[in-house]
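Visitor: One structure is given below, represented as structure tokens, and several questions about it will come after.
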Amino acid sequence: MTMTANLTIHRLLDEAFAGAPSTHAMQDLKEELRANLVARVEELENAGVGAAEAARRAFAEVGDFQSFLDEAVGDLAGEASPADEWARHRVRYRPAFVIRATVFPIVGALALVASMALAAVAPEVPGRGDVSPLLHVLLMGVFAFCIGFVTADSLQQETASNYPMSRGRANGMGIGLGVLLAGVGAIALCWAAPFPLWLWLVLGGVGVVVGIAILAGLGAGMTNRRKPWARELEQTWGAGDGTAKRHTGNRFERDPAAAARFGIYTAVLWILAVTVGVLLGIFVGWWWSALPVVGAIATMLLLVTQMLFKPERGER
Amino acid sequence: MCDTVPGVSETTSDTFASDLLRGHTDTIVLATLRRGDRYGFEIYKTIREAAGGDHEIKEATLYATYRRLEKDGLVEAYWGDETQGGRRKYYRITDAGRAVFRRNVGAWRTTRDIIDTLLDTQDRTTEHG
Numbered sequence: 061m062t063m064t065a066n067l068t069i070h071r072l073l074d075e076a077f078a079g080a081p082s083t084h085a086m087q088d089l090k091e092e093l094r095a096n097l098v099a100r101v102e103e104l105e106n107a108g109v110g111a112a113e114a115a116r117r118a119f120a121e122v123g124d125f126q127s128f129l130d131e132a133v134g135d136l137a138g139e140a141s142p143a144d145e146w147a148r149h150r151v152r153y154r155p156a157f158v159i160r161a162t163v164f165p166i167v168g169a170l171a172l173v174a175s176m177a178l179a180a181v182a183p184e185v186p187g188r189g190d191v192s193p194l195l196h197v198l199l200m201g202v203f204a205f206c207i208g209f210v211t212a213d214s215l216q217q218e219t220a221s222n223y224p225m226s227r228g229r230a231n232g233m234g235i236g237l238g239v240l241l242a243g244v245g246a247i248a249l250c251w252a253a254p255f256p257l258w259l260w261l262v263l264g265g266v267g268v269v270v271g272i273a274i275l276a277g278l279g280a281g282m283t284n285r286r287k288p289w290a291r292e293l294e295q296t297w298g299a300g301d302g303t304a305k306r307h308t309g310n311r312f313e314r315d316p317a318a319a320a321r322f323g324i325y326t327a328v329l330w331i332l333a334v335t336v337g338v339l340l341g342i343f344v345g346w347w348w349s350a351l352p353v354v355g356a357i358a359t360m361l362l363l364v365t366q367m368l369f370k371p372e373r374g375e376r
Numbered sequence: 352m353c354d355t356v357p358g359v360s361e362t363t364s365d366t367f368a369s370d371l372l373r374g375h376t377d378t379i380v381l382a383t384l385r386r387g388d389r390y391g392f393e394i395y396k397t398i399r400e401a402a403g404g405d406h407e408i409k410e411a412t413l414y415a416t417y418r419r420l421e422k423d424g425l426v427e428a429y430w431g432d433e434t435q436g437g438r439r440k441y442y443r444i445t446d447a448g449r450a451v452f453r454r455n456v457g458a459w460r461t462t463r464d465i466i467d468t469l470l471d472t473q474d475r476t477t478e479h480g
């Protein structure tokens with residue numbers, strides 16, 4: 061959809077909702093309408109209708125919009141009940157995820173038990189007809205994969221108390237945990253065939269160290285920036301990188317260097333004012349000594365304005 | 352239905368058909384949702400295509416219907432996770448919605464039979480009278 065059509069939809073919706081109360085329910089309704097209008101405009105544009113005309117026509121086709129809106133305002137007046145709030149924030153269960161989260165840990169646990177059991181009964185030198193000594197290694201791998209997969213999968217799910225993690229980071233966490241568990245598994249199998257003790261320990265040690273390094277790296281780099289509330293704040297207070305950002309709070313509390321600069325400026329200003337005042341008093345007359353004090357107060361007020369309320373350098 | 356009756360314009364018969372259609376908006380919306388979750392414009396489009404463009408239910412009427420159905424627990428709404436073009440609000444029919452749909456379809460069949468019988472009776476009366 062073109063930018064013109066998008067802007068026209070925004071404008072028409074803003075006009076229509078101008079008198080409506082700014083509640084969550086009304087915002088939801090506006091968002092729902094917008095998505096539907098966008099779909100209709102795309103359909104009209106594909107049929108060859110101009111952008112602005114498509115937006116206007118889509119809007120007109122909705123029908124008696126005003127009476128519907130009035131009705132909706134009446135309907136949604138009591139929206140803030142706990143039940144409505146619960147319904148608003150509820151996250152739906154995803155059956156496929158529930159199945160994955162149940163099956164994979166069970167498969168992983170079975171693989172772990174089977175791996176340890178096979179390693180315990182495996183002969184030092186496998187004879188003909190014996191189970192391959194690599195089978196318990198493979199099963200340990202299956203265990204590590206299952207747990208790693210469930211971890212990555214769970215972190216990407218939105219639940220009632222958790223925001224979904226980005227896919228890359230969640231997969232990284234899953235891989236980190238999988239490698240760590242594979243390392244621990246290798247150490248647990250160190251007494252068994254087919255590798256000598258030292259090789260098991262080296263493989264296990266490498267797995268544990270790499271796993272911990274991945275998890276520690278990802279853990280240390282975690283921020284709030286992808287969470288909806290952090291994004292909302294970012295949108296409210298700044299228009300993105302490189303453009304003007306407004307901050308809440310006192311600049312002096314946020315930026316100690318600015319507070320220190322202000323202190324030094326003030327000290328210099330008053331030292332000058334007092335010195336000039338004394339000199340004026342001695343050489344011109346004591347009545348004149350008040351003049352630098354007035355000048356200092358005015359300058360200090362201007363300094364406060366300049367330092368507290370002007371956009372900070374580098375953010376303009 | 353398409354026969355032109357003297358004194359009754361095309362527009363009047365269209366209005367009559369549209370009114371009939373509008374009277375069953377709730378059931379029609381439930382019917383479209385039985386085939387899968389849909390968002391507002393998809394529901395509107397399904398109805399528009401089924402009606403062949405001759406009759407339509409306005410979107411404003413449909414929004415009021417969604418709200419009513421949701422309030423009565425016959426559908427539940429959830430937001431899609433589209434990353435472009437704004438989030439879409441999808442509707443999904445509940446078990447209660449399916450039950451009401453089946454009941455309404457039963458009632459519709461009975462009513463349709465009664466009306467068919469009555470109209471046939473009337474036609475016969477006119478023919479014989």
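Chains as they are written, first to last, in the numbering used here: chain G, 61 to 376; chain E, 352 to 480. Heads up, the beta-carbon is just placed ideally off N, CA and C, and yes, glycines get one too.
(1) For residue 391(E), decide whether its Cβ has a neighbour in chain G, counting only Cβ atoms nearer than 8 Å.
(2) Would you report the Cα separation of residue 126(G) and residue 76(G), rounded to the nearest angstrom?
(3) To the nearest angstrom, how far is the alpha carbon of residue 328(G) from that of residue 343(G)?
(4) Quick one: which chain E residues come within Cβ less than 8 Å of residue 124(G)?
(5) By Cβ distance below 8 Å, which residues in the same chain neighbour residue 349(G) in space, the five residues on each side in sequence not counted?
(6) Residues of chain G with a CB under 7 Å from the CB of residue 401(E): which are they?
(7) Any beta-carbon of chain E closer than 8 Å to the one on residue 156(G)?
(8) Which term fits residue 106(G), buried or exposed, when burial requires 16 or more other beta carbons within 10 angstroms of its beta carbon?
(9) Among residues of its own chain, excluding the 5 on either side of residue 225(G), which ones have a beta-carbon nearer than 7 Å to its beta-carbon?
(10) Does any CB atom of chain G fall closer than 8 Å to the CB of residue 382(E)?
(11) Is residue 344(G) helix, strand or coil by DSSP?
(12) Taking beta-carbon pairs under 9 Å, can you tell me which members of the stretch 91-102 of chain G lie near chain E?
(13) Compare the C-beta of residue 132(G) against all C-beta atoms of chain E and say whether one is closer than 8 Å.
(14) Going by DSSP, name the residue or residues bridged to residue 430(E).
(15) Locate the alpha helix (DSSP H) running through residue 409(E), then write down its first and last residues.
(16) Can you tell me which of the three DSSP states residue 223(G) falls into?
(17) In or out: residue 273(G) buried (at least 16 other Cβ within 10 Å) or exposed?
(18) Along chain G, which residues have their Cβ under 7 Å away from the Cβ of residue 439(E)?
(19) Quick check on residue 200(G): buried or exposed, where buried means 16 or more other Cβ atoms within 10 Å of its Cβ?
(20) Grab me the residues of residue 451(E)'s own chain with a C-beta within less than 6 Å of its C-beta, minus the 5 sequence neighbours each way, in chain order.
(21) Determine the contact status of residue 203(G) and residue 178(G), defining contact as a CB-CB distance below 8 Å.
(22) With C-beta atoms as the reference, is residue 412(E) less than 8 Å away from residue 108(G)?
(23) With which residues is residue 389(E) paired in a DSSP beta bridge?
(24) State yes or no: is the beta carbon of residue 442(E) nearer than 8 Å to at least one beta carbon in chain G?
(25) Since residue 313(G) meets chain E, which of its residues come closer than 8 Å, beta carbon to beta carbon?
(26) Considering residue 175(G), what are the terminal residues of the alpha helix (DSSP H) in which it resides?
(27) Should residue 121(G) be flagged as near chain C, meaning a C-beta pair shorter than 8 Å?
(28) Can you grab the Cα-Cα spacing for the pair residue 250(G) / residue 173(G), in whole Å?
(29) So residue 77(G) contacts chain E; which residues on that side make the cut at Cβ distance below 8 Å?
(30) Should residue 358(E) go down as buried or exposed, given a rule of 16 or more other Cβ atoms within 10 Å for buried?
(31) Return the residue from the list 345(G), 346(G), 332(G) and 347(G) that minimises the CA-CA distance to residue 357(G).
(32) Since residue 118(G) contacts residue 101(G) with CB under 8 Å, what's their CB separation in whole angstroms?
(33) Would residue 373(E) count as contacting chain G if we go by Cβ distances under 8 Å?
(34) Nearest CA to the CA of residue 313(G): which residue from 269(G), 367(G), 92(G) and 326(G)?
(35) Are the C-beta of residue 255(G) and some C-beta of chain E separated by less than 8 Å?
(36) Between residue 415(E) and chain G, is there a C-beta pair that is closer than 8 Å?
Guide: Working from what's here:
(1) yes
(2) 7 Å
(3) 22 Å
(4) 409 and 411
(5) 337, 338, 340 and 341
(6) The contacting residues do not exist; residue 401(E) stays about 17 Å from chain G at best.
(7) no
(8) exposed
(9) 215 and 216
(10) no
(11) In the structure shown, residue 344(G) falls within a coil segment according to DSSP collapsed to helix, strand and coil.
(12) 91, 92, 93, 94, 95, 96, 97, 98, 99, 100 and 102
(13) yes
(14) 440(E)
(15) Element bounds for residue 409(E): n/a, residue is neither H nor E.
(16) coil
(17) Burial call: exposed.
(18) 95
(19) buried
(20) 425
(21) no
(22) no
(23) 442(E)
(24) No - not a single Cβ of chain G is within 8 Å of the one on residue 442(E).
(25) Within chain E, no residue comes near residue 313(G); the closest Cβ sits about 37 Å away, beyond 8 Å.
(26) 155-181
(27) The structure shown has no chain C; the protein chains it does contain are G and E.
(28) 16 Å
(29) Residues of chain E passing the Cβ test: none, with the nearest at roughly 13 Å.
(30) Here the model assigns residue 358(E) a pLDDT of 46, short of 50, so the residue's position is not dependable, and the following value carries that caveat. So residue 358(E) ends up on the exposed side.
(31) Among 345(G), 346(G), 332(G) and 347(G), the Cα nearest to that of residue 357(G) belongs to 332(G).
(32) 5 Å
(33) no
(34) 367(G)
(35) Judged by the 8 Å Cβ criterion, residue 255(G) is not in contact with chain E.
(36) yes
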